[in-house]
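Trainee: Start counting the sequence shown at 1; every next residue gets the next number (this note's numbering). Beta carbons: idealized from backbone N, C-alpha and C, even for Gly. This one's a predicted model, so the numbers in the text were calculated from it and none came from an experiment. Dumping the structure here so I can ask a few things about it.
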Amino acid sequence: MGLSFAIIFLTTVILGSYVGIKYSRSRNKKLFFNNGAYKAFIYSLIIIIGGGLVIYLISPEQSVKLKYIKFHSDFITDKITSTEGILYYWYKSISIFSELNVFGLLAAIFITAIWFYFIKNLDFFNREKTTFTILTFVLGTLFTFLTFPFSDFIHHIFSIEYTDNRFYNLFVYSFLGIGVVEELIKIIPVLIILFYTKEIDEPIDLIYYASISALGFAFIENLLYFRDVSGSIVVGRALTSAVGHMVDSSIIAYGIILFKFRKESVFTVVQLFMLGAFAHGLYDFLIFEELTFLFFAFFAFFIQSWAIIINNAINNSKYFDYSIHYKHDAVRFKIALLLSILMIFSLLLNGFIVGRDQAFKVFLGSLGWSSLLILFYVGFASSFDLFKGHWRPIKFTLLSPNSNAMPGVRILGLFTGLFTENTIVPLNHVGKKIKIHSPRYNKRLLQIFRRGEGKIVSRHELISKKRTDREWFLIKLNNSLDVSKEFNSEFIMIKLQSKYMSLVHDKHIRCFLKLIPKGVNPATEKNRSEYISFGYIIINGFDYEFKSSK
Numbered sequence: 001m002g003l004s005f006a007i008i009f010l011t012t013v014i015l016g017s018y019v020g021i022k023y024s025r026s027r028n029k030k031l032f033f034n035n036g037a038y039k040a041f042i043y044s045l046i047i048i049i050g051g052g053l054v055i056y057l058i059s060p061e062q063s064v065k066l067k068y069i070k071f072h073s074d075f076i077t078d079k080i081t082s083t084e085g086i087l088y089y090w091y092k093s094i095s096i097f098s099e100l101n102v103f104g105l106l107a108a109i110f111i112t113a114i115w116f117y118f119i120k121n122l123d124f125f126n127r128e129k130t131t132f133t134i135l136t137f138v139l140g141t142l143f144t145f146l147t148f149p150f151s152d153f154i155h156h157i158f159s160i161e162y163t164d165n166r167f168y169n170l171f172v173y174s175f176l177g178i179g180v181v182e183e184l185i186k187i188i189p190v191l192i193i194l195f196y197t198k199e200i201d202e203p204i205d206l207i208y209y210a211s212i213s214a215l216g217f218a219f220i221e222n223l224l225y226f227r228d229v230s231g232s233i234v235v236g237r238a239l240t241s242a243v244g245h246m247v248d249s250s251i252i253a254y255g256i257i258l259f260k261f262r263k264e265s266v267f268t269v270v271q272l273f274m275l276g277a278f279a280h281g282l283y284d285f286l287i288f289e290e291l292t293f294l295f296f297a298f299f300a301f302f303i304q305s306w307a308i309i310i311n312n313a314i315n316n317s318k319y320f321d322y323s324i325h326y327k328h329d330a331v332r333f334k335i336a337l338l339l340s341i342l343m344i345f346s347l348l349l350n351g352f353i354v355g356r357d358q359a360f361k362v363f364l365g366s367l368g369w370s371s372l373l374i375l376f377y378v379g380f381a382s383s384f385d386l387f388k389g390h391w392r393p394i395k396f397t398l399l400s401p402n403s404n405a406m407p408g409v410r411i412l413g414l415f416t417g418l419f420t421e422n423t424i425v426p427l428n429h430v431g432k433k434i435k436i437h438s439p440r441y442n443k444r445l446l447q448i449f450r451r452g453e454g455k456i457v458s459r460h461e462l463i464s465k466k467r468t469d470r471e472w473f474l475i476k477l478n479n480s481l482d483v484s485k486e487f488n489s490e491f492i493m494i495k496l497q498s499k500y501m502s503l504v505h506d507k508h509i510r511c512f513l514k515l516i517p518k519g520v521n522p523a524t525e526k527n528r529s530e531y532i533s534f535g536y537i538i539i540n541g542f543d544y545e546f547k548s549s550k
């Protein structure tokens, strides 16, 4: 519990200080807490602290025996022990419902609803039909029951059992005995939708249906695990298990995406199926071996990888349109609130099951890691960088981050490189109007342009011998440049010097400037050397008001 308090305290201090600094520097303080992450931080604190106090006041001191909360059938139990073959698996499947815990059912529904809300909002260009969404979820739940016979068959054929050999436990027991079995079952509903309907016509559809199928699987699995909802099992499965199932299925779906939409070889499908199954097996193995630090480290990496996979699927939709925005602020705000409410709900259940003091001991003991995971989901896993046609690679490196890495973590490169290299920084500026002026020190620019307005119309990548730069924006000027006929006077290319700057909250944002020679079309020309570097230019959000000096 002491470690949990330390984590909570340090996280609150660090995040609170960061938010305070950002707030003090913001030029739009009234809009500051419209940001979903910052607003979620405040509201989640209120829910957890306020809700915790309320639950403490209303919880019974001793556990309460509630009748009719747990179902039980002696008939089904006897049948499981006395039958074989198909009947055995039939009664074993039925036992999930005959041994149902009503609190567990409510928790399973709540968890499914939270992550369904997240998944549903990912498909924002061309939403899927409710009919096929429900069908996929139902198929996901039904095919889950095949796990029992399939798993027993694999374990029998290969004589699989847990041993003292960690290598065997990882690659045979966890990977083959669990990962391959469960991932094969979870992907079946997706293949049915893919081959027997015409619903999958953009990459994100495969991620969508894979995640819905995974939620169906996790729902049935949760009913099994939630026969006893005491302790931190509800919060743990909400924050890790349900998400882990979606991640693993999405990795496999990504192989199909690369085959179907990027025309890669069928071997890619096999590779990513094996990777998804291995990720599943590794998840279970690290839990079995109680390797907590490695578990959270690799789990965070897989979550970031999932975010990149989702981002790539969104960016390569045939319906991609910069004018249609992903409501990331609203989504991450609601996800943070719902997960915080789930934590309080779990505390309430524990209060009745084990009594107030024991419930709060469990709650405080899990508050550290659960709060960090919620912050991680809100801050790193729910923001997407919209760039039409871009396929971002997933990097697995422990080397020091490059100069564009997040400020404040560069000296920890050996440990943070794995995460900073895969962090998504949204540069969703296309369509925004800006105010532009020339800095005093750029004498060349002052000769052709002083102050004006413009609109960010598109985003581009420029390629040189050393690297590819995907952070350039095409600006249409309202005030033409006073240039010779050799250059385009109505358009310029800019790149924010720091990609962490905000058009809403920061002012006088310094940008690299390139002029566009006549005859060069930014839509097709990616060679960096074709554009003329022209020093720096300063931009502000369109709502910024220049104050004349006296």
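Would you list the residues sitting across from threonine 468 in a DSSP beta bridge?
Mentor: In DSSP, threonine 468 forms a bridge with Ile463.
Trainee: Let me check one thing: in DSSP terms, what residues is glutamate 453 bridge-paired to?
Mentor: BP columns for glutamate 453 point to Lys435.
Trainee: Distance check for isoleucine 94 and serine 26, CA to CA, integer angstroms please.
Mentor: For serine 26 and isoleucine 94, the distance between alpha carbons rounds to 58 Å.
Trainee: Closer than 7 Å by C-beta to glutamate 99: which residues in its own chain qualify, once you throw out the five before and the five after it? Chain order, please.
Mentor: Correct list, in chain order: Phe71, His72 and Arg227.
Trainee: Just to check my reading of the structure: leucine 176 and phenylalanine 158 have Cβ atoms closer than 8 Å, yes? What is that Cβ distance to the nearest angstrom?
Mentor: Yes, leucine 176 and phenylalanine 158 are in contact; Cβ-Cβ is about 7 Å, under 8 Å.
Trainee: Could you tell me the distance, in whole angstroms, from the CA atom of phenylalanine 363 to the CA atom of glycine 351?
Mentor: Spanning the two alpha carbons is a distance of roughly 10 Å.
Trainee: Give the DSSP bridge partners of methionine 493, in chain order.
Mentor: For methionine 493, which the question treats as bridged, DSSP gives the partners Leu474 and Lys514.
Trainee: Throw me the rounded Cβ distance for the valine 235 and serine 366 pair, which I believe falls under 8 Å.
Mentor: The pair is a contact, with the Cβ atoms about 6 Å apart (cut-off 8 Å).
Trainee: Quick one: residues in its chain with C-beta nearer than 8 Å to the C-beta of glutamate 530, no 5 flanking neighbours on either side, listed in chain order?
Mentor: If we look at glutamate 530 and ignore the five residues flanking it on each side, its Cβ neighbours are Pro517 and Val520.
Trainee: Go through the region 33–96 residue by residue and report every complete run of the beta strand (DSSP E) that reaches 3 residues or more, in order.
Mentor: Correct list: empty.
Trainee: Under 8 Å Cβ to Cβ from isoleucine 220, same chain only, skipping five residues before and after it: list those, please.
Mentor: So the list reads Ile96, Thr141, Thr144 and Phe145, once near-sequence residues are dropped.
Trainee: Can you tell me the Cα-Cα spacing of isoleucine 187 and isoleucine 193, whole angstroms?
Mentor: In a straight line, the C-alpha of isoleucine 187 is about 10 Å away from that of isoleucine 193.
Trainee: Grouping DSSP H, G and I as helix and E and B as strand, with all else coil, what is phenylalanine 387?
Mentor: Looking at phenylalanine 387 - three-state DSSP - the assignment turns out to be coil, as it is neither helix nor strand.
Trainee: Between the C-alpha atoms of proline 149 and serine 232, what's the straight-line distance to the nearest angstrom?
Mentor: Between proline 149 and serine 232, the C-alpha separation is close to 30 Å.
Trainee: Quick one: residues in its chain with C-beta nearer than 6 Å to the C-beta of glycine 16, no 5 flanking neighbours on either side, listed in chain order?
Mentor: Cβ neighbours of glycine 16 beyond the five flanking positions: none.
Trainee: Is it buried or exposed for lysine 550, if we count other Cβ within 10 angstroms and need 16 for buried?
Mentor: With a pLDDT of 39 at lysine 550, under the threshold of 50, the modelled position of this residue cannot be trusted; read the value that follows with caution. By the 10 Å Cβ count, lysine 550 comes out exposed.
Trainee: Mapping DSSP to helix, strand and coil, what is valine 409?
Mentor: A caution first: valine 409 carries a pLDDT of 48, below 50, which makes its placement in the model too unreliable to give a value.
Trainee: May I ask you to list the residues that DSSP assigns as paired with glycine 541?
Mentor: Paired residue(s): Ile434.
Trainee: Taking the C-alpha atoms as reference points, what is the distance between phenylalanine 542 and valine 483?
Mentor: About 25 Å.
Trainee: Between Thr81, His437 and Lys318, which has its C-alpha nearest arginine 127's C-alpha?
Mentor: Comparing Cα-Cα distances from arginine 127 to each of Thr81, His437 and Lys318, the minimum goes to Lys318.
Trainee: Give the secondary structure of phenylalanine 125 by DSSP, where H, G and I count as helix, E and B as strand, and everything else as coil.
Mentor: Coil.
Trainee: Between the Cα of glutamate 471 and the Cα atoms of Leu481, Asn428 and Lys432, which residue gives the shortest distance?
Mentor: Cα-wise, what sits closest to glutamate 471 is Asn428.
Trainee: What does the Cβ neighbour count give for isoleucine 538, buried or exposed, with the cut at 16 atoms within 10 Å?
Mentor: When all chains shown are included, isoleucine 538 counts as buried.
Trainee: Would you mind sorting isoleucine 411 into buried or exposed? The rule is 16 or more other CB atoms within 10 Å of its CB.
Mentor: Note that isoleucine 411 scores a pLDDT of 47, beneath 50, so its modelled location is shaky and nothing firm can be said.
Trainee: Determine the burial state of arginine 467: buried for a count of at least 16 other Cβ atoms within 10 Å of its Cβ, exposed for fewer.
Mentor: Exposed, since its Cβ has fewer than 16 Cβ neighbours within 10 Å.
Trainee: Just to confirm my understanding: we take serine 383, look at its own chain, exclude 5 residues before and 5 after, and list those with CB closer than 7 Å. What are they?
Mentor: Answer for serine 383: His328, Ile424 and Pro426, listed in chain order.
Trainee: Do alanine 218 and histidine 245 have their C-beta atoms closer together than 9 Å?
Mentor: Result yes, Cβ atoms of alanine 218 and histidine 245 sit closer than 9 Å.
Trainee: Looking at C-alpha atoms only, which residue of Ile212, Tyr283, Ile353 and Trp115 is the closest neighbour of valine 102?
Mentor: Measuring from the Cα of valine 102, the nearest candidate turns out to be Ile353.
Trainee: Please report how far the alpha carbon of leucine 57 lies from the alpha carbon of isoleucine 335, in whole angstroms.
Mentor: Each residue's alpha carbon lies about 26 Å from the other.
Trainee: With a cut-off of 8 Å on the beta carbons, I'd call serine 305 and asparagine 422 a contact; round off their distance for me.
Mentor: About 7 Å; that satisfies the 8 Å criterion.
Trainee: Can you tell me whether proline 393 is buried or exposed, with buried defined as 16 or more other CB within 10 angstroms of its CB?
Mentor: So proline 393 counts as exposed.
Trainee: Based on the DSSP output, what are the partners of asparagine 527 in its beta bridges?
Mentor: Bridge partners of asparagine 527: Ile463.
Trainee: Give the single residue among Leu481, Glu264, Asn121 and Phe298 whose Cα lies nearest to the Cα of threonine 397.
Mentor: Comparing Cα-Cα distances from threonine 397 to each of Leu481, Glu264, Asn121 and Phe298, the minimum goes to Phe298.
Trainee: Quick one: residues in its chain with C-beta nearer than 7 Å to the C-beta of serine 533, no 5 flanking neighbours on either side, listed in chain order?
Mentor: Only Lys514 meet the Cβ criterion.
Trainee: For the alpha helix (DSSP H) containing histidine 579, name the first residue and the last one.
Mentor: Residue 579 lies beyond the residue range present for the chain, which begins at 1 and ends at 550; the question has no answer from this structure.
Trainee: In angstroms, rounded to a whole number, what distance separates the CA positions of isoleucine 160 and serine 151?
Mentor: Their Cα atoms are separated by approximately 10 Å.
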